[in-house]
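> Can you keep this structure in mind? I'll have questions shortly.
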Amino acid sequence: MDLRNCPRCGRLFTYISKNLCPVCIEEDEKEFKKVKEYVWAHRGCSAVEVHEATGVSLEKILNYLREGRLEARGLKGPLLFCESCGEPIDQGRFCPKCSDQLVRGLKGEENSKKPSYSTGSGKEKNKMYLADRIIRR
Ligand SMILES: [Zn+2]
Ligand SMILES: [Zn+2]
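Every letter in the sequence shown is one number past the one before it in this note's numbering, and letter 12, counting from 1, is 70.
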């Protein structure tokens, strides 16, 4: 039996698949449901509004978006940026163009057209200070 302390509440629990105790997993589900329902009822609201209304942290809300559990389309965006080119995206990690290129790259069809890579230095910041920017908005 794999006993662990829950990283969130410190309770001792039996580890199965998630590194959270059953109480926190349930809590997490409830929070996600709250966020989802709020976004559904208030299309076009900002992530900060959702955070203030539901009490769920901005980081968690952004994580829902990254995981694709929540669609950013209901929110005032953009909230996420493509990890390759920095374009604003609705969900996931890459814009449709880059995910397409990634798939092609994996298939070894690189001679079709070289993607124009940006240096990324300026755009990297978008990602780094994402939460920061949202708070200041
Ligand atoms: Zn817990
Ligand atoms: Zn992209």
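Built from N, CA and C at the ideal position, the CB exists for glycine as well. All values reported here derive from a predicted model rather than from experimental measurement.
(1) Under the DSSP definition of a beta bridge, which residues are partnered with residue 103?
(2) Residue 70 lies in the beta strand (DSSP E); which residues open and close that run?
(3) Using 10 angstroms around the beta-carbon of residue 122, count the other beta-carbons present and answer buried if the total reaches 16, otherwise exposed.
(4) Are there any heavy atoms of ligand 2 lying less than 7 Å away from the beta-carbon of residue 125, as far as the coordinates show?
(5) For residue 127, which residues from the same chain have a beta carbon less than 7 Å from its beta carbon, with the 5 sequence-adjacent residues on both sides left out?
(6) Could you check what DSSP says for residue 77 in three-state terms: helix, strand or coil?
To lay it out plainly:
(1) 133
(2) That run of the beta strand (DSSP E) goes 70-72.
(3) buried
(4) no
(5) Answer for residue 127: 90, listed in chain order.
(6) coil
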